[in-house]
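Chemist:
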Amino acid sequence: MMNAIRLKAIVKTEAAIRLTAIYNKTTQYIKINYLLIFLFAYTAVSKLNLFSYSTPFSWQHFKLIDVSAFEEAMFKSPELRPFVHELAWLIPFIELATCVLLLFRKTKIVGYYLSLLLLTLFTAYITYILNTYTHNLPCICSGVISLMSWTQHLFFNYFFIVITVRAIYLVLRLHRK
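In UniProt numbering, the protein residues as written are 1 to 177.
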(Lines of atoms letter the chains of each structure in order from A and count residues from 1; the text may use other names and numbers.)
(Lines give C-alpha, C1' and ligand atoms only; values in the text may rest on other atoms or scores of the structure.)
Protein backbone atom coordinates (compact mmCIF):
# COMPACT_ATOMS: atom_id res chain seq x y z
CA MET A 1 0.00 0.00 0.00
CA MET A 2 2.76 2.41 0.96
CA ASN A 3 4.68 1.56 -2.22
CA ALA A 4 1.60 2.28 -4.35
CA ILE A 5 1.23 5.72 -2.75
CA ARG A 6 4.92 6.47 -3.30
CA LEU A 7 4.67 5.29 -6.89
CA LYS A 8 1.68 7.60 -7.52
CA ALA A 9 3.58 10.51 -5.98
CA ILE A 10 6.61 9.79 -8.17
CA VAL A 11 4.44 9.57 -11.30
CA LYS A 12 2.72 12.87 -10.44
CA THR A 13 6.09 14.52 -9.81
CA GLU A 14 7.49 13.26 -13.12
CA ALA A 15 4.38 14.48 -14.95
CA ALA A 16 4.70 17.90 -13.31
CA ILE A 17 8.38 18.08 -14.28
CA ARG A 18 7.51 17.14 -17.88
CA LEU A 19 4.76 19.76 -18.06
CA THR A 20 7.08 22.40 -16.61
CA ALA A 21 9.75 21.54 -19.19
CA ILE A 22 7.22 21.78 -22.02
CA TYR A 23 5.95 25.11 -20.65
CA ASN A 24 9.50 26.49 -20.42
CA LYS A 25 10.29 25.42 -23.99
CA THR A 26 7.02 26.88 -25.24
CA THR A 27 7.59 30.23 -23.56
CA GLN A 28 11.16 30.24 -24.83
CA TYR A 29 10.19 29.87 -28.48
CA ILE A 30 7.35 32.38 -28.05
CA LYS A 31 9.86 34.96 -26.76
CA ILE A 32 12.15 34.20 -29.71
CA ASN A 33 9.14 34.53 -32.00
CA TYR A 34 8.36 38.03 -30.70
CA LEU A 35 12.02 39.06 -31.02
CA LEU A 36 12.10 37.95 -34.66
CA ILE A 37 8.79 39.64 -35.46
CA PHE A 38 10.05 42.87 -33.91
CA LEU A 39 13.39 42.64 -35.75
CA PHE A 40 11.91 42.04 -39.20
CA ALA A 41 9.00 44.46 -38.77
CA TYR A 42 11.34 47.21 -37.58
CA THR A 43 13.87 46.69 -40.37
CA ALA A 44 11.19 46.43 -43.08
CA VAL A 45 9.35 49.54 -41.96
CA SER A 46 12.55 51.55 -41.62
CA LYS A 47 13.63 50.50 -45.14
CA LEU A 48 10.25 51.41 -46.60
CA ASN A 49 10.38 54.89 -45.05
CA LEU A 50 6.62 55.02 -44.56
CA PHE A 51 4.80 58.31 -44.90
CA SER A 52 7.63 60.23 -46.50
CA TYR A 53 7.13 63.85 -47.41
CA SER A 54 9.25 66.82 -48.23
CA THR A 55 9.34 69.89 -46.05
CA PRO A 56 7.46 72.14 -46.21
CA PHE A 57 4.66 69.61 -46.49
CA SER A 58 2.67 69.43 -49.70
CA TRP A 59 0.38 66.67 -50.88
CA GLN A 60 2.20 66.58 -54.22
CA HIS A 61 5.39 65.40 -52.52
CA PHE A 62 3.72 63.02 -50.10
CA LYS A 63 4.59 59.34 -50.57
CA LEU A 64 3.05 56.50 -48.64
CA ILE A 65 6.12 54.34 -49.25
CA ASP A 66 9.53 55.66 -50.24
CA VAL A 67 12.44 53.29 -50.77
CA SER A 68 14.72 55.87 -52.37
CA ALA A 69 16.95 56.21 -49.27
CA PHE A 70 17.34 52.42 -49.10
CA GLU A 71 18.07 52.27 -52.86
CA GLU A 72 20.65 55.03 -52.49
CA ALA A 73 22.39 53.20 -49.65
CA MET A 74 22.44 49.92 -51.62
CA PHE A 75 23.78 51.67 -54.71
CA LYS A 76 27.02 52.36 -52.80
CA SER A 77 27.74 48.63 -52.79
CA PRO A 78 29.19 47.64 -56.20
CA GLU A 79 27.85 44.07 -56.01
CA LEU A 80 24.27 45.21 -55.47
CA ARG A 81 24.11 47.96 -58.11
CA PRO A 82 22.57 45.82 -60.88
CA PHE A 83 19.76 44.69 -58.56
CA VAL A 84 19.17 47.81 -56.45
CA HIS A 85 15.64 48.63 -57.59
CA GLU A 86 14.36 45.06 -57.25
CA LEU A 87 16.07 44.44 -53.91
CA ALA A 88 14.80 47.72 -52.45
CA TRP A 89 11.26 46.37 -52.72
CA LEU A 90 11.93 42.64 -52.35
CA ILE A 91 13.88 42.70 -49.07
CA PRO A 92 11.28 44.66 -47.04
CA PHE A 93 8.47 42.63 -48.60
CA ILE A 94 10.12 39.35 -47.58
CA GLU A 95 10.80 40.73 -44.09
CA LEU A 96 7.13 41.67 -43.69
CA ALA A 97 6.05 38.29 -45.09
CA THR A 98 8.29 36.64 -42.51
CA CYS A 99 6.52 38.61 -39.76
CA VAL A 100 3.13 37.45 -41.02
CA LEU A 101 4.28 33.82 -41.17
CA LEU A 102 5.59 34.05 -37.60
CA LEU A 103 2.20 35.29 -36.36
CA PHE A 104 0.28 32.08 -37.05
CA ARG A 105 0.86 28.68 -35.51
CA LYS A 106 0.40 26.77 -38.78
CA THR A 107 2.97 28.89 -40.66
CA LYS A 108 5.36 29.59 -37.78
CA ILE A 109 7.90 26.92 -38.76
CA VAL A 110 8.03 28.30 -42.33
CA GLY A 111 8.58 31.75 -40.80
CA TYR A 112 11.47 30.41 -38.75
CA TYR A 113 13.10 28.83 -41.79
CA LEU A 114 12.61 32.03 -43.79
CA SER A 115 14.12 34.01 -40.88
CA LEU A 116 17.09 31.67 -40.86
CA LEU A 117 17.52 32.04 -44.63
CA LEU A 118 17.36 35.86 -44.49
CA LEU A 119 19.75 36.09 -41.55
CA THR A 120 22.17 33.68 -43.22
CA LEU A 121 22.11 35.67 -46.48
CA PHE A 122 22.63 38.97 -44.63
CA THR A 123 25.47 37.41 -42.63
CA ALA A 124 27.10 36.03 -45.79
CA TYR A 125 26.90 39.50 -47.37
CA ILE A 126 28.47 41.12 -44.28
CA THR A 127 31.23 38.50 -44.21
CA TYR A 128 31.89 39.14 -47.90
CA ILE A 129 32.10 42.90 -47.30
CA LEU A 130 34.46 42.45 -44.34
CA ASN A 131 36.75 40.13 -46.33
CA THR A 132 36.68 42.04 -49.63
CA TYR A 133 36.88 45.74 -48.83
CA THR A 134 39.60 47.45 -46.86
CA HIS A 135 37.76 50.77 -46.88
CA ASN A 136 34.48 51.02 -45.05
CA LEU A 137 31.41 50.77 -47.20
CA PRO A 138 28.39 52.36 -45.56
CA CYS A 139 25.89 49.97 -44.05
CA ILE A 140 22.78 49.57 -46.18
CA CYS A 141 20.62 48.96 -43.14
CA SER A 142 18.34 51.60 -41.79
CA GLY A 143 17.20 52.74 -38.40
CA VAL A 144 19.21 52.04 -35.26
CA ILE A 145 20.86 48.99 -36.83
CA SER A 146 22.68 51.23 -39.32
CA LEU A 147 24.66 52.71 -36.41
CA MET A 148 26.48 49.39 -35.87
CA SER A 149 29.88 48.67 -37.33
CA TRP A 150 30.12 45.78 -39.79
CA THR A 151 31.66 43.56 -37.10
CA GLN A 152 28.97 44.44 -34.57
CA HIS A 153 26.35 43.74 -37.20
CA LEU A 154 27.95 40.36 -37.88
CA PHE A 155 27.70 39.34 -34.21
CA PHE A 156 24.17 40.76 -34.04
CA ASN A 157 23.22 38.45 -36.93
CA TYR A 158 25.02 35.49 -35.34
CA PHE A 159 22.95 35.99 -32.19
CA PHE A 160 19.70 35.99 -34.17
CA ILE A 161 20.80 32.95 -36.19
CA VAL A 162 21.48 31.02 -32.98
CA ILE A 163 18.12 31.89 -31.42
CA THR A 164 16.31 31.11 -34.68
CA VAL A 165 17.93 27.67 -34.81
CA ARG A 166 16.93 27.21 -31.16
CA ALA A 167 13.32 28.14 -31.99
CA ILE A 168 13.24 25.67 -34.90
CA TYR A 169 14.61 22.95 -32.61
CA LEU A 170 12.03 23.72 -29.90
CA VAL A 171 9.08 23.83 -32.29
CA LEU A 172 10.04 20.57 -33.99
CA ARG A 173 10.65 18.90 -30.66
CA LEU A 174 7.37 20.12 -29.14
CA HIS A 175 5.30 19.08 -32.16
CA ARG A 176 6.96 15.68 -32.30
CA LYS A 177 5.69 14.79 -28.81
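All C-beta atoms in this analysis are idealised placements derived from N, C-alpha and C, irrespective of residue type, glycine included.
Could you check which residue in TYR42, ILE37 and ILE30 has the C-alpha nearest to that of SER146?
Modeler: That would be TYR42, whose Cα lies nearest to the Cα of SER146.
Chemist: Which stretch, first to last residue, makes up the alpha helix (DSSP H) that contains GLU86?
Modeler: First-last of the alpha helix (DSSP H) with GLU86: 84-103.
Chemist: Report the three-state DSSP secondary structure of THR27 (helix, strand or coil).
Modeler: Reduced to three states, the DSSP call for THR27 is helix.
Chemist: Would LEU114 pass as a contact of THR98 if the rule is Cβ separation under 7 Å?
Modeler: In contact: LEU114 and THR98 (Cβ atoms closer than 7 Å).
Chemist: Would you kindly work out how many angstroms separate the C-alpha atoms of THR127 and LEU154, rounded to a whole number?
Modeler: Their backbone Cα atoms lie some 7 Å apart in a straight line.
Chemist: For ASN136, which option in SER68, SER46 and LYS76 has the closest C-alpha, if you only look at C-alpha atoms?
Modeler: For the residues SER68, SER46 and LYS76, the minimum Cα distance to ASN136 belongs to LYS76.
Chemist: Can the beta-carbon of TYR29 be found less than 7 Å from the beta-carbon of LEU170?
Modeler: Yes, they are a contact pair.
Chemist: Have a look at ILE161 and VAL67 and give me their C-alpha separation to the nearest angstrom.
Modeler: Distance between the alpha carbons of ILE161 and VAL67 is about 26 Å.
Chemist: Please confirm whether LEU121 and GLY111 have their CB atoms less than 7 Å apart.
Modeler: Contact flag unset, no.
Chemist: Which residues bound the alpha helix (DSSP H) around LYS108?
Modeler: Run containing LYS108: 108-132, per the alpha helix (DSSP H) assignment.
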